[in-house]
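Using the numbering used here, the first residue of the sequence shown is number 1, and each one after it goes up by one. A virtual CB, placed ideally from N, CA and C, is assigned to each residue, including glycine. For reference, the structure discussed in these notes is given below.
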Amino acid sequence: ATVVPEPHVAASAPQQDKFLVIFAADHSVMDAYSQIYAINEFDRLYAHELDGTEHSLPEVGSYVDFSATERALGESLTTDHEAVVAWQHFLADEDGCFPAFPLPISVKDSSATTDLATRQSSMSSWLLTAEQVARFNAVCRDAGQNMQSGILAALALVNARLTGEGTFRTIMPMHTRYAEKWAASVGWYVGILPMEIRLENARTFAEAIECAAAGSNRHKGLAAVPYSRVASLLSSTEIPRFVVSYIDLRFLPDGEEWQARKGRALRSECHAENEVYFWINRTLQGLNISARYPSTDVSTTNVHRFITEFVSVMTTVISEPVESVDSLVAAAGAGRH
């Protein structure tokens with residue numbers, strides 16, 4: 001919408017040869033890629049109107065058509081479908097619940113008000129420079145894996161450091177833009193993946209990243225299966241509690257212009273007493289993280305502690321690629337079992 005100020009306000013406001021665009025959307029029908037594509041479209045369409053620059057925007061498919069296809073897939077599922085069985089087994093390990101953040105975030109025995117106990121705090125921080133990311137990625141490639149597996153391996157090692165557990169469990173959102181016509185379409189093209197990484201007998205980071213890749217590939221196809229239908233078949237009303245997202249934003253349209261445009265993705269206020277979300281993004285400037293978590297002292301301390309150790313693991317891997325897993329884990333004084 002275009003907001004036109006009242007005449008008396010416009011007359012008193014300093015005249016500037018610029019303006020600010022704020023674009024709001026319901027996140028239940030528009031995923032992160034759509035939001036980023038929207039900024040790109042605004043910029044290209046504005047340039048086209050301003051000086052005739054060809055916008056070169058691609059033809060896109062309809063999200064309505066995609067939704068019809070996804071709904072048909074969901075309706076074809078039965079309780080004995082392999083995707084439903086896989087989710088059932090994954091949730092059974094947590095007594096029917098989704099995995100929780102591995103460190104305490106409980107507000108029990110706290111004098112905090114109900115509002116404070118449920119309101120979520122947010123943080124955003126740069127983790128690695130572009131040069132550091134390139135070196136970390138090189139270690140991952142040398143091990144025959146990709147950056148995503150490296151990120152997951154590092155998180156699993158942090159979990160082992162801080163809890164002593166050799167198994168790391170979380171939920172990972174994955175895009176479902178499998179056809180070219182959906183690539184720049186606006187909509188909710190997201191599925192979720194059950195993620196379980198077992199470090200087992202890994203003794204080097206190269207072996208740990210193999211464990212992470214195996215965990216990623218174990219249920220890779222489940223992201224395309226609409227979880228809402230799976231939940232219905234399992235009579236489950238549980239929602240994800242600990243979510244880790246990783247996106248490489250470097251190759252999105254006009255990705256090199258993102259910093260100059262000063263585009264920012266903002267979230268509205270959220271209330272949840274047991275949810276922790278990590279959004280980890282690789283950009284041309286480096287690796288950053290955005291997170292939300294309960295607004296309690298214990299949660300804030302442990303989430304920041306986890307992220308600090310995450311950076312520590314990655315920088316150690318960068319400087320000592322052949323560092324043993326035991327050394328990486330022992331840095332926090334924890335063992336594995």
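Return the CA-CA distance between residue i and residue j, expressed in angstroms with no decimal places.
i: residue 308; j: residue 232; result: 38 Å
i: residue 294; j: residue 276; result: 7 Å
i: residue 189; j: residue 73; result: 14 Å
i: residue 65; j: residue 34; result: 16 Å
i: residue 55; j: residue 211; result: 44 Å
i: residue 83; j: residue 311; result: 34 Å
i: residue 324; j: residue 205; result: 7 Å
i: residue 17; j: residue 271; result: 39 Å
i: residue 145; j: residue 209; result: 7 Å
i: residue 235; j: residue 85; result: 13 Å
i: residue 225; j: residue 237; result: 17 Å
i: residue 28; j: residue 38; result: 16 Å
i: residue 245; j: residue 288; result: 12 Å
i: residue 174; j: residue 158; result: 22 Å
i: residue 81; j: residue 119; result: 38 Å
i: residue 67; j: residue 164; result: 42 Å
i: residue 299; j: residue 32; result: 25 Å
i: residue 53; j: residue 250; result: 23 Å
i: residue 326; j: residue 207; result: 12 Å
Classify residue i as buried or exposed, calling it buried when 16 or more other Cβ atoms lie within 10 Å of its own Cβ.
i: residue 87; result: buried
i: residue 24; result: exposed
i: residue 230; result: buried
i: residue 203; result: exposed
i: residue 160; result: buried
i: residue 328; result: buried
i: residue 166; result: buried
i: residue 152; result: buried
i: residue 59; result: exposed
i: residue 75; result: exposed
Assuming residue i contacts residue j under a Cβ cut-off of 8 Å, what Cβ separation, rounded to an integer in Å, is found between them?
i: residue 169; j: residue 99; result: 4 Å
i: residue 215; j: residue 196; result: 6 Å
i: residue 101; j: residue 241; result: 7 Å
i: residue 302; j: residue 103; result: 4 Å
i: residue 149; j: residue 223; result: The Cβ separation is near 16 Å, so there is no contact.
i: residue 252; j: residue 219; result: Contact doesn't hold; Cβ gap of about 26 Å is too wide.
i: residue 179; j: residue 313; result: 37 Å between Cβ atoms; not a contact.
- Item | contact_flag[the stretch 125-141, the stretch 310-320] where n(CB pairs < 8 Å) is 3 or more | yes
- Item | Continuous beta strand (DSSP E) assignments of at least 3 residues falling wholly in the stretch 100-156 | 120-129
- Query: What are the start and end residues of each continuous alpha helix (DSSP H) run of 4 or more residues lying completely inside the stretch 200-269, in chain order?
  - Reply: 205-218, 227-233 and 258-261
- Message: In chain order, what are the residue ranges of uninterrupted alpha helix (DSSP H) at least 4 long that sit wholly in the stretch 14-76?
- Response: 32-51 and 63-75
- Message: Across the stretch 298-307 and the stretch 128-136, are there enough close Cβ pairs to call them in contact, namely three or more that are closer than 8 Å?
- Response: no
- Message: With a threshold of 8 Å, are at least 3 pairs of Cβ atoms found where one atom belongs to the stretch 282-301 and the other to the stretch 248-261?
- Response: Because the criterion of three Cβ pairs below 8 Å is met, the stretch 282-301 and the stretch 248-261 touch.
- Message: Between the stretch 117-129 and the stretch 178-186, can you find at least three pairs of beta-carbon atoms closer than 8 Å?
- Response: They do not touch, by the three-pair rule.
- Message: Ignoring anything shorter than 3 residues, give me the beta strand (DSSP E) runs that lie fully in the stretch 266-304, in order along the chain.
- Response: 276-283 and 286-294
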